[in-house]
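Data block below; observations after.
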Amino acid sequence: MTGDVVNLRQFRKRKARDEKETRAEQNRISFGRTKAEKNLTRALNDKATRSHEAGKRETAGDDAE
Numbered sequence: 335m336t337g338d339v340v341n342l343r344q345f346r347k348r349k350a351r352d353e354k355e356t357r358a359e360q361n362r363i364s365f366g367r368t369k370a371e372k373n374l375t376r377a378l379n380d381k382a383t384r385s386h387e388a389g390k391r392e393t394a395g396d397d398a399e
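Rendered as structure tokens:
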């Protein structure tokens with residue numbers, strides 16, 4: 335009729351780690367991407383825009399006549 339012996343210090347630490355992980359998961363969902371991911375996306379978009387702009391033809395407009 336004896337229960338398992340539980341070390342309360344280890345139990346409290348495990349519980350705190352679990353709560354911290356749960357809070358971290360909620361924050362990842364709430365706040366989204368990291369700063370590095372945002373900077374990478376911004377840099378890739380800027381590069382693509384520059385590449386696209388470089389390939390455009392220039393029209394002479396009214397001066398061509």
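Quick note: the sequence shown, position 60, residue 394 per my numbering, numbers continuous. Positions of the beta carbon are idealized from the N, C-alpha and C atoms, including for glycine.
- Shown here for residue 360: not one same chain residue has a beta carbon closer than 7 Å to its own, the five before and five after excluded.
- Here DSSP, grouped into helix, strand and coil, assigns residue 379 to helix.
- For residue 353, the enclosing alpha helix (DSSP H) starts and ends at 342-365.
- When secondary structure is reduced to three states using DSSP, residue 392 falls in the coil class, being assigned neither helix nor strand.
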